[in-house]
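Take -8 as the starting number for the sequence shown in the working numbering and just add one per residue. Read the structure below first, then the notes.
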Amino acid sequence: MPRLPESFETMGKADQQKALEQYHKRELHYYYFIATYKHNKPHYDAMKPEATMPKQKLVEYASAPWESDNISLKAELIRAIQNWSVLAANNANGSVPKCPIDFSDDEVAEYLSLQDEQYLIDVNMEKIRDRIGISTDGWTANERYEDALEENEHVKTEALATLDDDASKKEFLENWPLDDHDESWEVEGS
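In structure tokens:
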């Protein structure tokens, strides 16, 4: 059952309003979930987290614009294989159909390990973007642009200071993902 935060009484009005709104959303979700379980079991079975979350992630990764990242999609496909009996609709005779995809044990180990590494990198990049004040695509409000540029330089300098050798520093500077890049290019013959 949802609860208000223990610090609710000491919160300011705006924070109390946000907490109440969150509480009401959770309460509605909770009662909907219970009522669905009691009155519409097939729908409840279809929306259980263990059935819906993997499907949602597959759809999310498969439909997202490709940015040279097949690790996330492949890792989710591996998880789909591992949870196939939960994800697949049973045949008329009650049996689970054979999963149409397969990966070798080496591929499974490699991609799940790569995804763990990528997750840590993604978390750090999100922290950096939050600190600089930019979105995932590098956008910031016009009035924050100069501050974002300045903070980007601070973050880059701090990260650069952690590297020991000149070759690593050179490679780091050449590949810093948050530099302002010239994306203009000419089409041949124009």
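Positions of the beta carbon are idealized from the N, C-alpha and C atoms, including for glycine.
- Spanning the alpha carbons of tyrosine 35 and isoleucine 123 requires a straight line of approximately 42 Å.
- For alanine 5, the enclosing alpha helix (DSSP H) starts and ends at 4 to 30.
- By the criterion of a C-beta distance shorter than 8 Å, alanine 10 is surrounded in its chain by Leu(-5), Pro(-4), Phe(-1), Met2, once the five residues flanking it on both sides are discounted.
- Boundaries of the alpha helix (DSSP H) harbouring lysine 65: 62 to 73, taken from the DSSP string.
- Of Gly85, Leu49, Leu78, the smallest CA-CA separation from leucine 68 is found for Leu49.
- Annotation for serine 159: the continuous alpha helix (DSSP H) segment containing it runs 157 to 166.
- Taken through DSSP and simplified to helix, strand or coil, serine 104 comes out as helix.
- Straight across, the Cα-Cα distance linking glutamate 137 with aspartate 156 is about 31 Å.
- Take arginine 70, set aside five residues on each side of it, and the residues of its chain with a beta-carbon closer than 7 Å to its own are Pro45, in chain order.
- Nearest neighbour of arginine 17 by Cα position, chosen from Lys147, Ile72, Met(-8), Val87, turns out to be Met(-8).
- Restricting attention to Trp130, Ser63, Ile72, Asn84, the CA atom closest to the CA of aspartate 107 is found in Ser63.
- In this structure, the beta-carbon distance from alanine 66 to leucine 19 does not fall below 7 Å.
- Residue environment analysis places asparagine 143 among the buried positions, since at least 16 neighbouring C-beta atoms fall within 10 angstroms of its C-beta.
- For proline 91, the secondary structure class from DSSP, reduced to helix, strand or coil, is coil.
- The closest CA to that of proline 168, considering only Glu12, Asn81, Phe24, Ile125, is found on Ile125.
- Cβ contact annotation for leucine 78 (same chain, cutoff 7 Å, sequence separation greater than five): Ala42, Pro45, Lys46, Ala71, in chain order.
- Between the alpha carbons of asparagine 81 and lysine 29 lies a gap of roughly 22 Å.
- Look at threonine 148 here: in three-state DSSP terms it is helix.
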